[in-house]
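Inspection log for the structure reproduced underneath, given as structure tokens.
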Amino acid sequence: MSGNTLLLLPVILPFIAGIIIGFMKNEKQRNRMVFVTLAVELALVAYFMMAEGTLTVWHMTNRLSIAYHIDGIAKFFACVITIIWFLAAIFSMEYMKHEHKPARFFMYYVMSLSALVSLCFSANMMTMYLSYEFMTLLTFPLVIHTQEPQAVRAGMKYLGYSIFGAGLGLFGFFFLNTYCITTTFEPGGTLNFALVAGNEMLLLFVFFLMAVGFGCKAGMFPLHAWLPTAHPVAPSPASAVLSGIITKGGVICIIRVTFYLFGADFIRGSWAQTALLSLTLITIFMGSMLAYKEKILKKRLAYSTVSQVSYVLFGLMLLTPVGFAGALLQVAFHAMAKNILFLSAGAIIYKKGTTLVNQLRGIGKEMPIVMWCFTIASLSLVGIPPTGGFISKWFLAQGALSSSLGTFAVVGVAILMVSALLTAGYLLSIVTNGFFPGNDFNYESLEKKEPNYLMTIPLVILSVAVVLLGIFPASLETFIISISGVIF
Numbered sequence: 024m025s026g027n028t029l030l031l032l033p034v035i036l037p038f039i040a041g042i043i044i045g046f047m048k049n050e051k052q053r054n055r056m057v058f059v060t061l062a063v064e065l066a067l068v069a070y071f072m073m074a075e076g077t078l079t080v081w082h083m084t085n086r087l088s089i090a091y092h093i094d095g096i097a098k099f100f101a102c103v104i105t106i107i108w109f110l111a112a113i114f115s116m117e118y119m120k121h122e123h124k125p126a127r128f129f130m131y132y133v134m135s136l137s138a139l140v141s142l143c144f145s146a147n148m149m150t151m152y153l154s155y156e157f158m159t160l161l162t163f164p165l166v167i168h169t170q171e172p173q174a175v176r177a178g179m180k181y182l183g184y185s186i187f188g189a190g191l192g193l194f195g196f197f198f199l200n201t202y203c204i205t206t207t208f209e210p211g212g213t214l215n216f217a218l219v220a221g222n223e224m225l226l227l228f229v230f231f232l233m234a235v236g237f238g239c240k241a242g243m244f245p246l247h248a249w250l251p252t253a254h255p256v257a258p259s260p261a262s263a264v265l266s267g268i269i270t271k272g273g274v275i276c277i278i279r280v281t282f283y284l285f286g287a288d289f290i291r292g293s294w295a296q297t298a299l300l301s302l303t304l305i306t307i308f309m310g311s312m313l314a315y316k317e318k319i320l321k322k323r324l325a326y327s328t329v330s331q332v333s334y335v336l337f338g339l340m341l342l343t344p345v346g347f348a349g350a351l352l353q354v355a356f357h358a359m360a361k362n363i364l365f366l367s368a369g370a371i372i373y374k375k376g377t378t379l380v381n382q383l384r385g386i387g388k389e390m391p392i393v394m395w396c397f398t399i400a401s402l403s404l405v406g407i408p409p410t411g412g413f414i415s416k417w418f419l420a421q422g423a424l425s426s427s428l429g430t431f432a433v434v435g436v437a438i439l440m441v442s443a444l445l446t447a448g449y450l451l452s453i454v455t456n457g458f459f460p461g462n463d464f465n466y467e468s469l470e471k472k473e474p475n476y477l478m479t480i481p482l483v484i485l486s487v488a489v490v491l492l493g494i495f496p497a498s499l500e501t502f503i504i505s506i507s508g509v510i511f
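Just so we're aligned, residue 24 is where the sequence shown starts under our numbering, counting upward by one.
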């Protein structure tokens with residue numbers, strides 16, 4: 024082991040703490056342990072936001088190793104993930120009171136953060152691949168937590184799709200180990216062009232398969248079907264982080280493969296870029312249409328994730344600095360907004376047992392704080408200022424129009440606009456019926472059902488962040504543009 028050994032601490036701490044949490048029977052002690060563990064994890068990530076470091080844990084061969092490194096991408100994703108994971112855990116402390124086996128839930132919930140941080144800090148393809156697989160295995164119990172037949176079926180579907188997608192990534196890893204100078208991540212890529220010469224079409228095909236494989240976790244067509252099946256059956260806090268955070272695991276891998284192994288210059292202008300852009304736009308439109316038609320609240324939100332995460336992939340596949348910046352902004356604002364929406368849905372289920380959209384008339388009168396947070400998140404996903412979602416979608420549109428894709432860019436922006444209108448249709452209709460149920464509604468049947476502070480505080484914090492970062496985005500933009508500058 025060589026390098027900054029402190030880098031291993033945020034990777035192993037949640038794993039060890041999670042095992043201990045799983046054996047704690049006292050609810051208060053368990054919740055305290057969860058809170059302290061995630062607070063310390065947050066402090067460690069904050070420390071590494073100000074530091075740089077590299078750690079090689081183990082050499083398998085002279086080209087394969089387990090190693091960690093802190094760069095801009097690692098800092099960005101680790102920060103977003105740990106903050107939201109911490110807030111969702113606070114919400115869970117109240118929510119899991121009406122679920123069985125909360126100790127098991129918190130055990131895998133905390134352990135999953137270990138795999139996510141390992142994924143963020145990965146310095147090479149091998150570490151990233153192993154972290155990605157562990158992320159799938161540790162989040163699988165969250166999907167099947169209720170152990171009802173449909174949850175088990177959804178979990179098996181999640182596992183099957185995820186392993187198949189990771190298999191495509193592993194297939195590409197074999198080729199990268201041959202055609203790259205090193206599989207350690209380097210901005211601009213590490214292809215050995217002396218070996219690549221004459222094999223360009225093969226390598227582009229390998230890249231396409233890897234992007235589709237890792238795109239499975241991000242919910243990209245054609246490997247998207249697990250997402251609307253798995254998210255609705257999991258407990259709502261798990262649905263929130265699966266939708267808002269775990270999907271970003273696929274995004275991290277696509278960023279590393281695209282910009283740190285193959286390199287944007289190798290892909291730009293190729294059939295692989297065109298094909299992947301087409302898949303992202305198909306996914307954006309398809310997800311929005313399916314969400315618009317869906318009657319089950321959590322499933323509607325899951326289809327929304329299929330659409331919204333592909334905004335990120337669209338920005339990445341533009342292969343431009345502005346498009347890349349828009350993609351990372353969308354990562355942050357989608358993660359916040361989607362966690363608000365799923366946690367709000369969880370609060371509604373917890374207090375009222377309501378799961379269908381048509382049962383939400385007047386909900387804004389009964390749960391005003393929850394529904395105001397739901398409204399802010401909805402406005403952000405639509406892309407209405409002054410919420411953060413407007414900033415990310417502005418950068419994505421500018422990235423498309425400033426690219427050299429011609430008609431394709433215009434079509435892309437048009438689909439983004441149509442998707443925004445559909446998003447307004449399937450989210451703002453809930454808000455309107457929630458606050459303005461109509462004259463024929465029985466107002467006397469309403470009663471205050473606002474959840475307690477453990478549920479409302481995380482919702483309020485995330486909602487305030489969505490607005491404040493939408494009004495004052497300069498610091499976040501500067502940080503993301505600095506990452507983009509290193510890559511391009």
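Cβ atoms here follow ideal geometry from the backbone N, Cα and C, with glycine treated the same way.
Check: Should the region 443 to 461 be called in touch with the region 389 to 404, which here means at least 3 C-beta pairs below 8 Å?
Finding: yes
Next item on the list: Round the Cβ separation of residue 340 and residue 300 to the nearest angstrom and send it over; I've been treating them as touching at under 8 Å.
Entry: 5 Å
Note to self: Using DSSP's beta-bridge definition, name the partner residues of residue 453.
What the structure shows: The partner list for residue 453 (beta bridge, DSSP) is empty, contrary to what the question assumes.
Checklist line | Buried or exposed (CB count within 10 angstroms, at least 16 for buried), residue 316 | finding: exposed
Notebook entry, point to check: Three or more C-beta pairs closer than 8 Å, one from the region 367 to 381 and one from the region 435 to 447: is that the case here?
Noted result: no
Item checked: residue 391 versus residue 251 - alpha carbon distance -> 27 Å
Note to self: Taking 8 Å as the cut-off, does the region 329 to 349 touch the region 304 to 314 (at least 3 CB pairs, one atom from each stretch)?
What the structure shows: yes
Checklist line | Under 9 Å between C-beta atoms of residue 359 and residue 454 | finding: no
Next item on the list: Determine the burial state of residue 86: buried for a count of at least 16 other Cβ atoms within 10 Å of its Cβ, exposed for fewer.
Entry: exposed
Check: Smallest Cα separation from residue 344: which of 43, 230, 421 and 32?
Finding: 421
Check: In the DSSP assignment, what residue or residues form a beta bridge with residue 147?
Finding: 207
Notebook entry, point to check: Three-state secondary structure (DSSP) at residue 82?
Noted result: strand
Checklist line | Spatial neighbours of residue 165 in its chain, beta-carbon cut-off 6 Å, leaving aside the 5 residues before and after | finding: 131, 257 and 261
Notebook entry, point to check: For residue 91, which beta-bridge partners are listed by DSSP?
Noted result: 78 and 145
Notebook entry, point to check: Among 375, 77 and 253, which has the Cα closest to the Cα of residue 162?
Noted result: 253
Margin query: Classify residue 129: buried if its beta carbon has 16 or more other beta carbons within 10 angstroms, exposed otherwise.
Written below: buried
Notebook entry, point to check: From the beta carbon of residue 111, is the nearest beta carbon of chain C less than 9 Å away?
Noted result: The chain inventory of the structure shown lacks chain C, comprising one protein chain alone.
Next item on the list: Let me know if residue 151 comes out buried or exposed under the rule of 16 or more other beta-carbons within 10 Å of its beta-carbon.
Entry: buried
Next item on the list: Determine the DSSP secondary structure at residue 13, reduced to helix, strand or coil.
Entry: Within the shown structure, residues of the chain are numbered from 24 to 511, placing residue 13 beyond reach of any answer.
Note to self: Given this structure, state the Cα-to-Cα distance separating residue 66 from residue 101, to the nearest angstrom.
What the structure shows: 11 Å
Next item on the list: With a threshold of 16 other CB atoms inside 10 Å of the CB of residue 245, please say whether the residue is buried or exposed.
Entry: exposed
Checklist line | Residue from 57, 477, 31 and 385 whose Cα sits closest to the Cα of residue 471 | finding: 385
Notebook entry, point to check: Looking at the unbroken alpha helix (DSSP H) that takes in residue 268, where does it start and where does it end?
Noted result: Counting along the chain, residue 268 falls outside any alpha helix (DSSP H), and DSSP gives it neither H nor E.
Note to self: Is the separation between the beta-carbon of residue 439 and that of residue 305 shorter than 9 Å?
What the structure shows: no
Check: What is the DSSP secondary structure of residue 506, reduced to helix, strand or coil?
Finding: helix
Next item on the list: For residue 294, count neighbouring C-beta atoms within 10 Å of its own C-beta (all shown protein chains included) and say buried if the count is 16 or more, exposed if not.
Entry: exposed
Notebook entry, point to check: Taking contact to mean at least 3 C-beta pairs separated by less than 8 Å, is the region 376 to 384 in contact with the region 408 to 419?
Noted result: no
Check: Can you tell which of 63, 500 and 74 has its C-alpha closest to the C-alpha of residue 348?
Finding: 500
Checklist line | Integer Cβ distance of residue 342 from residue 287, believed to fall under 8 Å | finding: 4 Å
Next item on the list: Starting from residue 196, follow the alpha helix (DSSP H) in both directions and report where the run begins and ends.
Entry: 172 to 202
Margin query: What would DSSP say about residue 319, mapped onto helix, strand or coil?
Written below: strand
Checklist line | Helix, strand or coil at residue 341 according to DSSP, with G and I counted as helix | finding: coil
Margin query: I need the straight-line Cα distance from residue 225 to residue 122, nearest angstrom please.
Written below: 50 Å
Margin query: Strictly by DSSP, which residues pair up with residue 214?
Written below: 203
Check: So, is residue 271 buried or exposed, given that buried needs 16 or more other C-beta atoms within 10 angstroms?
Finding: buried
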